[in-house]
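Numbering (my numbering), first residue to last: 52 to 361.
The following block contains the structure:
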């Protein structure tokens, strides 16, 4: 009877849990070791974000009698920097660019063509190549420099462009702006003595590809002026009637879009108020449009308004 009870108990245990088994010959019940299954694969670690995705950047608007454009200095984590050039008008097929110790492009001021080196074994001069020669030349050259200077030490220093022999353009390095927007306060055109009293603002907001949105909100214009012109000009002053010059555009990379066909027009209401915008490009970026004149025309082309982009 005792053996029968043990046998029944063992059978019940085996049917309830596979973790128990009977020792042959002794009749004792022993606990079975659990069989280890395959280990689950480890979850891959998520890569950490780089220390910084926004390099320290400086930009200079460089200009001379014929050469015009911008130079950017963008730092790398190893202490070097990329110097990139976007200029037009270099008369030779090659030239050079360098950061100098100077703090002014005025020969009568703190002008200096000595290379700016914080580490005497470093480099700060690079070669420029143009796609063509003369007035319609364009260069988008770039090279790496390592002058051992921090952003603060390069700030306010001059960038000089040479044609291989002498300096042809100069600019001063400053902070690159995050929001590339220019605003002009509009007034009457120099020498205009008519009855119109233009006043208001023009705002030009740039995109990454150098296209821009040109917005205007101006009063005191001729009433019901339909398809009248409003343009950025090549000049950088509204002091005299000649200073604004003609339309401002980079003829190397784009046609003149400061036309009715290009969409560079405004429409005023019966009170002479114009409020609107259009999208355009003149082939220049933010830096190259700074300080340029905005001119407002009537439908006949007469210049009645002027302001400087700041």
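C-beta: ideal position from N, C-alpha, C; glycine also.
Could you check whether residue j and residue i sit closer than 8 Å to each other, using their CB atoms as the reference points?
i	j	result
residue 163	residue 152	yes
residue 273	residue 209	no
residue 114	residue 256	no
residue 121	residue 137	yes
residue 145	residue 119	no
residue 304	residue 223	no
residue 239	residue 356	yes
residue 316	residue 286	no
Can you tell me which of the three DSSP states residue i falls into?
i	result
residue 317	strand
residue 11	With the chain represented from 52 up to 361, any question about residue 11 goes unanswered, as that position is not in the structure.
residue 190	strand
residue 338	helix
residue 292	coil
residue 326	strand
residue 203	helix
residue 153	coil
residue 298	strand
residue 114	strand
residue 311	coil
Between the options, which has its C-alpha nearest residue i's C-alpha?
i	options	result
residue 248	229, 235, 271, 262	271
residue 241	110, 194, 353, 94	353
residue 233	341, 217, 315, 325	341
residue 141	228, 174, 254, 182	182
residue 250	343, 111, 258, 323	323
residue 200	129, 355, 308	129
residue 359	314, 203, 237, 313	237
Check the DSSP bridge columns for residue i and list the partner residues they point to.
i	result
residue 177	148
residue 276	Per DSSP, none; premise fails for residue 276.
residue 126	132
residue 250	270
residue 264	256, 330
residue 223	209
residue 166	151
So with Cβ pairs under 8 Å, would you call residue i a contact of chain D?
i	result
residue 271	As a matter of chain content, chain D is missing from the structure shown, which is built from one protein chain.
Determine contact between the segment 329-348 and the segment 142-150, defined as no fewer than three beta-carbon pairs at a distance below 8 Å. no
Taking three-plus beta-carbon pairs below 8 Å as touching, is the segment 286-306 in contact with the segment 265-272? no
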